[in-house]
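S.K.: Per UniProt numbering: the sequence shown ends with 748, consecutive numbering throughout.
Glycine included, every Cβ here is placed at the ideal spot set by N, Cα and C.
Could you have a look at this structure, given as structure tokens, before my questions?
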Amino acid sequence: SFAAPLQRSAQQQRSYMSYRPASTLGSSPYSYFSPADDEPGSSLSPYKAHTSCRHDALYVYFSRMVSNLWTSPLCYKLSETQISNVFSSDELEWLVAQLRALRKCIDEFDLIGSAHEAYQSLISRRDTSTKSGASEQADSKVLAFQEERRSLHHLCELLSLSCEVLSLWKIVSTHQFHVVTAQLSNSVKDQLCSNHFSAVVVGGHHLCADLITCLMRYYLHDNASTSAICGQLRSSCPTLFSEEDATAIKATEMVEEARSMEPSPARTELLAGAIRMLKASVHKLNLPVVCQLLYVVECMEGIVELALARAERDDPRMLAIAAYKNRSTSSDPLTREALAKRKEAYKCITDALDLLMAEARTKSGIALQSAVVSRDLIVNLVLRSKDELANVTVFKWLLDNDLSNTVVEAGSESPYVESFLRTLVEEGGSSAYLDLLWRFYERNGNFAKAARLLYTLARRDTSAFDLRRRIAYLSQALMCARAAADQLGDECESRKFLLGVQAELDVAEIQLATENAILAKKHLAGKAELIEKLESRLYSSQELLDLFAVPFDLFEIELAVCHCADAYDKKVIETLCSRIVEQELEECRGQSCDVRVERLRTRIAALYTRYSLQPKYFPIETVLCEVLTHGLSNGLPPSSLQTVGSSLPVPFQKLLDAITLCQKRDPFWRNNERAMTYLMECAVHVFDRFAAQASKMPIKQRKTVACRCLDVIASFLLQLSSSGFAAGDALSQLADRFHTFQNIFENI
1 SFAAPLQRSA QQQRSYMSYR PASTLGSSPY SYFSPADDEP GSSLSPYKAH
51 TSCRHDALYV YFSRMVSNLW TSPLCYKLSE TQISNVFSSD ELEWLVAQLR
101 ALRKCIDEFD LIGSAHEAYQ SLISRRDTST KSGASEQADS KVLAFQEERR
151 SLHHLCELLS LSCEVLSLWK IVSTHQFHVV TAQLSNSVKD QLCSNHFSAV
201 VVGGHHLCAD LITCLMRYYL HDNASTSAIC GQLRSSCPTL FSEEDATAIK
251 ATEMVEEARS MEPSPARTEL LAGAIRMLKA SVHKLNLPVV CQLLYVVECM
301 EGIVELALAR AERDDPRMLA IAAYKNRSTS SDPLTREALA KRKEAYKCIT
351 DALDLLMAEA RTKSGIALQS AVVSRDLIVN LVLRSKDELA NVTVFKWLLD
401 NDLSNTVVEA GSESPYVESF LRTLVEEGGS SAYLDLLWRF YERNGNFAKA
451 ARLLYTLARR DTSAFDLRRR IAYLSQALMC ARAAADQLGD ECESRKFLLG
501 VQAELDVAEI QLATENAILA KKHLAGKAEL IEKLESRLYS SQELLDLFAV
551 PFDLFEIELA VCHCADAYDK KVIETLCSRI VEQELEECRG QSCDVRVERL
601 RTRIAALYTR YSLQPKYFPI ETVLCEVLTH GLSNGLPPSS LQTVGSSLPV
651 PFQKLLDAIT LCQKRDPFWR NNERAMTYLM ECAVHVFDRF AAQASKMPIK
701 QRKTVACRCL DVIASFLLQL SSSGFAAGDA LSQLADRFHT FQNIFENI
């Protein structure tokens, strides 16, 4: 079916020599004529214009032999899913024999010529040339000879590759071409049916590799030995199928054998041997396919070893790692290629991790435990490696799968955690990465770095986290700073930093109280904007005072700022305490007396506890006097003083001091009958409580309180005696009650 060599003219073949078939597979790695021939307007030099008859004859002979298929596909579609070979095995065998005969002829008769011959020709011509023009002509002839020799070398390479491609097609055809190629993807099938033979020979080695892979799978699926077919491929296609390819196939066969074995030492040893063989030819592997097979046999160590070996083999100069460390997006094509190849190798690891995560989500019991163990095994193997980019790839995978704790815990396994997290932070990553970084520092005992990072994180202007999170960061920073006193530098610097964090934490807590106070105000305009401001950053105490406390009558916040700044002014403090009591009663106006008293009691108790270590910022006598004053004006029951006092860990004397203070300091309580009656009724409730609890008190304390009660009673009786009152009215009844208490307390 092939035309005889002499059926085409030399003129046709000369035009064919300059033809380069269009290929979707990329440009040819071979140049059959000088690159200058491609340049527009270039003129042929004398030695290019006259090639030898031997040169032309060899090209003509080869071109006539392959002319019927050079610009035609080798495959065609049988159906949507099947393809077949255009030529039969016999036709392919005949053509391969003809091409090999041509190559044998070239080798036996040394039709290419030797370099020694060209050198001797150059010397002899220069020796016999006396004029410069003749010397140049001699040089041109020698250069023409060298160019022709180079062209013939390329022809031999093309001839050998053509033989190998056709031999491969013949071998696949003998194994039912349409059956073997059924395993190919549709895109590869389309390429085989659309690309000419020339394109496959020149740049289609990946298509040949796919065919060989399918052929090996064909054998492995039938549980057949691959030794014979590997030998045949090595013999017929030494370039397309090398010794390393054969080793990889043998290793794959060993993995397939292990697939049918039960877990045992023999199976483990077999897989280990297969991995060693695969690593030796790792650059020849279809790595995703091999790793998929290793995943099936649960050889996770093999997946990691092969992926790391492939990454190292594809980037021996570590260009990708250097680019990552320098944080550069290099325009160098070699660097970009190295990054792409490493990414492709690492993808085999992340693909295995993705499969294990999917299993962990859908399974339970032993299967779930097995998936988690395998996942952790892969992660730990990578983290123990010296491949920084592999570590980074696994770190990113862990973060993408909500396994950030594993990244923090990886510090004992990988030396690259800190640099990875710092890179993410410096590249403008979210505060979550800072969060991971301080946790990493804390876990690894670097408390100084953790403290400073937490302090920085808390003060960051961002809406990524709320005020409570900032306070938590400051609290953690304080603990880390205390634990790292020897890591923060000299003692003075350490103490200064510690005090700074403590002060910042105190102000932040006031800021949180400010936020809560604003939220508690029911009819405050622009509340949302105020809360947003308070959440976005930390304010100083002066800013809280000027921007929030004073403008919005937040008296508790003003008191807290005075306390935090240690700015004591008795008059200011007493005024603020009075305003706090007044504001609390005003906010619950309209509610029942019991509710109002209870709210007041709760508020005073909380403030008393807060300032118990520095009571001058919350003088309880002044506060209780305000309770009496506002209780009278707001119509609270006389028992309100006793109710408030009962929730405070203060002695009875404090309640009696408040009553005495009101009576003596303000004439209003003495001159106003209603006020005097209210004050005396409040005292009666205090006396009642003491009389009920006196037996439970220590004797000394009981006597002291009883004496103080008698003094107050004497004062009230003196006041009552000086004011006229009718028998049976309220004041008369109070006098009787006081006499009764007087007798009780005198007995004590």
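What are the partner residues of Ile-212, as DSSP defines its beta bridges?
M.R.: According to DSSP, which records beta bridges pairwise, Ile-212 is partnered with nothing at all.
S.K.: Compute the Euclidean distance between the alpha carbons of Ile-303 and Lys-77, then round it to the nearest angstrom.
M.R.: For Ile-303 and Lys-77, the distance between alpha carbons rounds to 36 Å.
S.K.: Beta strand (DSSP E) containing Cys-75: first to last residue?
M.R.: Run containing Cys-75: 75-77, per the beta strand (DSSP E) assignment.
S.K.: Assuming the contact rule is C-beta atoms closer than 8 Å, Asp-657 and Glu-621 should be a hit. Round their C-beta distance to whole Å, please.
M.R.: With 8 Å as the limit, Asp-657 and Glu-621 qualify as a contact, their Cβ atoms being about 5 Å apart.
S.K.: Can you give me the start and stop residues for the alpha helix (DSSP H) that Ser-578 sits inside?
M.R.: Per DSSP, Ser-578 belongs to the alpha helix (DSSP H) from 570-587.
S.K.: Exposed or buried, which one is Cys-480 when buried takes at least 16 other CB atoms within 10 Å?
M.R.: With 16 or more other Cβ atoms within 10 Å, it is buried.
S.K.: Could you tell me the distance, in whole angstroms, from the CA atom of Arg-234 to the CA atom of Trp-169?
M.R.: Cα-Cα distance, rounded: 14 Å.
S.K.: Please return the same chain residues whose Cβ sits closer than 7 Å to the Cβ of Leu-184, not counting the five positions on each side in sequence.
M.R.: For Leu-184, where only same-chain residues beyond five positions count, the Cβ hits under 7 Å are Asp-210 and Cys-214.
S.K.: Please tell me whether Ser-494 and Ala-503 are closer than 8 Å, where the distance is taken between their beta carbons.
M.R.: In this structure, Ala-503 does not lie closer than 8 Å to Ser-494 by Cβ.
S.K.: Taking 8 Å as the cut-off, decide whether the C-beta atoms of Cys-562 and Tyr-617 are in contact.
M.R.: Yes, Cβ-Cβ distance for Cys-562 and Tyr-617 is below 8 Å.
S.K.: In terms of residue numbering, what span does the beta strand (DSSP E) encompassing Ser-84 cover?
M.R.: Element bounds for Ser-84: 83-85.
S.K.: List, from N- to C-terminal side, the alpha helix (DSSP H) runs of 4 residues or more that fit wholly inside the region 253-325.
M.R.: Within the region 253-325, the complete alpha helix (DSSP H) runs of at least 4 residues are 265-280, 287-296 and 300-314.
S.K.: Who does His-196 pair with in a DSSP beta bridge?
M.R.: Looking at the DSSP assignment, His-196 forms a beta bridge with Pro-73.
S.K.: Can you find the residues in the same chain that come closer than 6 Å, C-beta to C-beta, to Leu-356, ignoring five residues on each side of it along the sequence?
M.R.: Contacts found: Ala-371, Ser-374 and Arg-375.
S.K.: Can you give me the start and stop residues for the alpha helix (DSSP H) that Gln-733 sits inside?
M.R.: Segment 730-747, the alpha helix (DSSP H) holding Gln-733.
S.K.: What did DSSP end up calling His-153 once you bin it into helix, strand or coil?
M.R.: Correct three-state label for His-153: helix.
S.K.: Answer yes or no: do Ala-450 and Trp-438 have a C-beta to C-beta separation smaller than 8 Å?
M.R.: Their beta carbons are under 8 Å apart, which means Ala-450 touches Trp-438 by this criterion.
S.K.: Output the distance between the C-alpha atoms of Leu-524 and Arg-601, rounded to the nearest integer angstrom.
M.R.: Roughly 25 Å between the two C-alpha positions.
S.K.: Which same chain residues end up closer than 7 Å to Glu-442 when comparing Cβ atoms and leaving out the 5 residues on each side of it in sequence?
M.R.: Cβ neighbours of Glu-442 beyond the five flanking positions: Ala-450 and Cys-480.
S.K.: Starting from the Cα of Glu-427, find the closest Cα among Val-705, Ala-675, Ser-328 and Arg-150 and give me that residue.
M.R.: The shortest Cα separation from Glu-427 among Val-705, Ala-675, Ser-328 and Arg-150 belongs to Ser-328.
S.K.: What residue range does the alpha helix (DSSP H) around Asp-354 cover?
M.R.: From DSSP, the alpha helix (DSSP H) with Asp-354 extends over 333-362.
S.K.: Nearest to Ala-605 by alpha carbon, out of Thr-629, Ile-580, Pro-263 and Gly-590?
M.R.: When each option's Cα is compared against that of Ala-605, the closest is Ile-580.
S.K.: With a 10 Å radius around its C-beta and 16 neighbouring C-beta atoms as the bar for buried, classify Met-261 as buried or exposed.
M.R.: It counts as exposed.
S.K.: Pull up the CB-CB distance for Leu-102 and Leu-159, whole angstroms please, since I reckon it's below 8 Å.
M.R.: Sure, about 6 Å apart at Cβ, within 8 Å.
S.K.: Alpha carbon to alpha carbon, how far is Ala-246 from Leu-270? Give it in angstroms, no decimals.
M.R.: In a straight line, the C-alpha of Leu-270 is about 17 Å away from that of Ala-246.
S.K.: Determine the direct distance from the alpha carbon of Val-201 to that of Thr-51, and round the result to whole angstroms.
M.R.: Cα to Cα, the separation comes out at about 25 Å.
S.K.: In this structure, does DSSP put Ile-106 in helix, strand or coil?
M.R.: Here Ile-106 sits in helix by DSSP.
S.K.: Identify whether residue 813 lies in helix, strand or coil by the three-state DSSP scheme.
M.R.: Residue 813 falls outside the range modelled here, since the chain spans only 1 to 748, and no answer is possible.
S.K.: Can the beta-carbon of Val-297 be found closer than 8 Å to that of Leu-278?
M.R.: Not in contact: Val-297 and Leu-278 (Cβ atoms no closer than 8 Å).
S.K.: How long is the line joining the alpha carbons of Ser-640 and Thr-629, rounded to whole angstroms?
M.R.: Going from the Cα of Ser-640 to the Cα of Thr-629 covers about 11 Å.
S.K.: Tell me which residue opens and which closes the alpha helix (DSSP H) that Ile-229 is part of.
M.R.: That run of the alpha helix (DSSP H) goes 227-236.
S.K.: State yes or no: is the C-beta of Met-300 within less than 8 Å of the C-beta of Ala-274?
M.R.: No; because the gap between Cβ atoms is not below 8 Å, this pair is not in contact.
S.K.: Just reading off the alpha helix (DSSP H) that Glu-532 is part of, what are its end residues?
M.R.: Its alpha helix (DSSP H) spans residues 527-536.
S.K.: Pull up the distance between the alpha-carbon of His-154 and that of Phe-109, whole angstroms please.
M.R.: Answer to the nearest angstrom: the Cα atoms are 17 Å apart.
S.K.: Counting C-beta neighbours from all protein chains within 10 Å, is the total for Lys-189 16 or more, i.e. buried, or is it exposed?
M.R.: Looking at its Cβ environment, which holds 16 or more other Cβ atoms inside 10 Å, Lys-189 is buried.
S.K.: Using the Cα positions of Ile-659 and Asn-671, report the straight-line distance between them to the nearest angstrom.
M.R.: Rounded to whole angstroms, Ile-659 to Asn-671 spans 15 Å at the Cα level.
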